[in-house]
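Numbering (the working numbering), first residue to last: 7 to 158.
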């Protein structure tokens, strides 16, 4: 049986269980360092490979704020420019090291036409880097005033 799509105040409402298209993110050294700097995370394990190795890591690795931003982007890319993130609850798993690829996938758990809950997973070659749930709202479109008829 194919799920039906209802119509809500913002347009078609994807049914629960709808899978978002995957997003492939190349995990580059530049992405890791730029994400850390942009989020003002100056921990050496996010930009200095030698210090990361001294602390037991094989290389630098992505910080949680960069991951959080990528998860948010993934959801808002699907729902559009008017989407507003209300809650992002994520848990990190294995690290994202340079040279790997993270694939984000998501499933709509519920969507009432204005608020959606999306389960998100970001996996790389080591396993799940991030798992979590994102709550997003879509503002209703404004109602335009009715214009008087010409000649009235």
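Built from N, CA and C at the ideal position, the CB exists for glycine as well.
Extent of the continuous beta strand (DSSP E) run through residue i
i	result
residue 93	90-98
residue 34	No beta strand (DSSP E) contains residue 34, which DSSP labels as neither H nor E.
residue 86	Taken as a continuous stretch (DSSP letters only), residue 86 belongs to no beta strand (DSSP E), as it is neither H nor E.
Cβ-based burial, residue i [other Cβ within 10 Å; buried from 16]
i	result
residue 44	exposed
residue 101	buried
residue 72	buried
residue 95	exposed
residue 116	exposed
residue 10	Reliability of the predicted coordinates at residue 10 is poor, the pLDDT of 39 falling under 50, and no value is obtained from them.
residue 12	Annotation note: pLDDT 43 at residue 12 (below 50); position unreliable, no value reported.
Nearest-angstrom Cβ-Cβ length linking residue i and residue j, presumed shorter than 8 Å
i	j	result
residue 124	residue 26	7 Å
residue 65	residue 104	6 Å
residue 20	residue 114	5 Å
residue 142	residue 122	5 Å
residue 97	residue 133	Not really, about 13 Å apart at Cβ, beyond 8 Å.
residue 63	residue 81	At roughly 29 Å, the Cβ-Cβ gap does not stay under 8 Å, so residue 63 and residue 81 are not in contact.
residue 140	residue 93	7 Å
Residue(s) in a DSSP beta bridge with residue i
i	result
residue 130	133
residue 114	124
residue 140	94 and 124
residue 26	112
residue 106	33
Residue range of the unbroken alpha helix (DSSP H) whose run includes residue i
i	result
residue 46	First-last for residue 46: undefined, no H or E at that position.
residue 55	55-60
Residue i: CB within 8 Å of a non-hydrogen atom of the ligand MG
i	result
residue 71	In terms of ligand content, the structure shown is empty, and the ligand MG therefore cannot be addressed.
> At a cut of 8 Å, does the segment 129-144 reach the segment 99-112 through at least three beta carbon pairs?
Replying inline: Output reads yes: the segment 99-112 touches the segment 129-144.
> Is the segment 80-91 in contact with the segment 54-68, if contact means three or more CB pairs nearer than 8 Å?
Replying inline: No: fewer than three Cβ pairs fall under 8 Å.
> Taking three-plus beta-carbon pairs below 8 Å as touching, is the segment 24-42 in contact with the segment 69-81?
Replying inline: Counting Cβ pairs under 8 Å, three or more are found: they touch.
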